[in-house]
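As you go down the protein sequences, you meet chains A and B in turn. The working numbering applies: residue 688 is where the first sequence begins, and numbers increase by one. The working numbering applies: residue 688 is where the second sequence begins, and numbers increase by one. From the three backbone atoms N, C-alpha and C, an ideal C-beta is built for every residue, glycine too.
Number of protein chains: 2
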Amino acid sequence: MRRDVFQGIADPTRRAIIALIALQAMTPNAIAENFNTTRQAVSKHLRILTECDLVKQEYQGREIYYSLQIEKMKEIDKWLDQYRKIWESRFNTLDNILSTLKKKK
Amino acid sequence: MRRDVFQGIADPTRRAIIALIALQAMTPNAIAENFNTTRQAVSKHLRILTECDLVKQEYQGREIYYSLQIEKMKEIDKWLDQYRKIWESRFNTLDNILSTLKKKK
DNA sequence: TTATTAAGAAACCGTTCGGTTGCAAATATA
DNA sequence: TATATTTGCAACCGAACGGTTTCTTAATAA
């Protein structure tokens, strides 16, 4: 199954999971306690997040700690960069001014 | 149908469309010429992009010009901000150093 | 050893997705 | 006016998604 970061962050529950484990590693059970859903549903999301390398696992006995692979988030930032150039440009500012004038008219 | 930006950018074809119309407005036909797919498929993507406000339409006779609503892209940037803080932090840098040392070992 | 607990795997279900084909409406052109 | 063009809409299809329930495996605790 081909996965990429953008598919990983597409689901709101997965974004919530990402936020949860961004600062500290957590087990699937601990993560699932934060949602009104079954552990298996969370487990599936973790699988998808793992498949697109947004998350890494650390085995500790029978428990598995999941944590965010922050490096992968930079990919989104890198993709955004081309558009950041646009919205920071003078042309866009000018465009905003023009459309503001239009509205007033 | 509830849509958000993250769903909008989830599909690779839609990201390509976004890149195409980022700098200049284009009609569905003109956009479709850039893909090995039917005009209707592109039209569906444009519909989704419109629903999540990533794209705006401008009617000109029977033609409709689609262009990127760059403001909406800032939402992704804003969401990324919380993670940018993490990957730019000293703690993370330290973590990188540690894992580099681990690999060398 | 025997329960118990943590987690993944498999099967299933309804919905959405991405795509196609076909059609209707509106505008432009002969 | 008749015809061609641009576009959106509806119906349909197979695959993937998000979720549940059930089962298996492996590690811990009694």
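Chain-order list of chain A residues neighbouring alanine 728(B): empty, with the shortest C-beta distance near 19 angstroms, by a criterion of under 9 angstroms.
Contact check for tyrosine 753(B) against methionine 713(B) passes: the beta carbons are separated by less than 8 angstroms. If you draw a 10 Å sphere on the C-beta of glycine 748(B), you find fewer than 16 other C-beta atoms in it, and that means exposed.
When 9 angstroms is used as the limit between beta carbons, phenylalanine 722(A) is near no residue of chain B, the shortest such separation being about 18 angstroms. By the rule that beta-carbons nearer than 8 angstroms mark a contact, alanine 709(A) touches chain B.
With its beta carbon at least 8 angstroms from every one in chain A, lysine 765(B) lies outside the interface. Per DSSP, the beta bridge partners of valine 742(A) are Leu755(A).
Residues are counted here when their Cβ sits less than 9 angstroms from a Cβ of chain A; for the region 743-757 of chain B these are Leu755 and Ile757, given in chain order. Taking C-alpha positions only, tryptophan 774(B) is separated from arginine 701(A) by approximately 19 angstroms.
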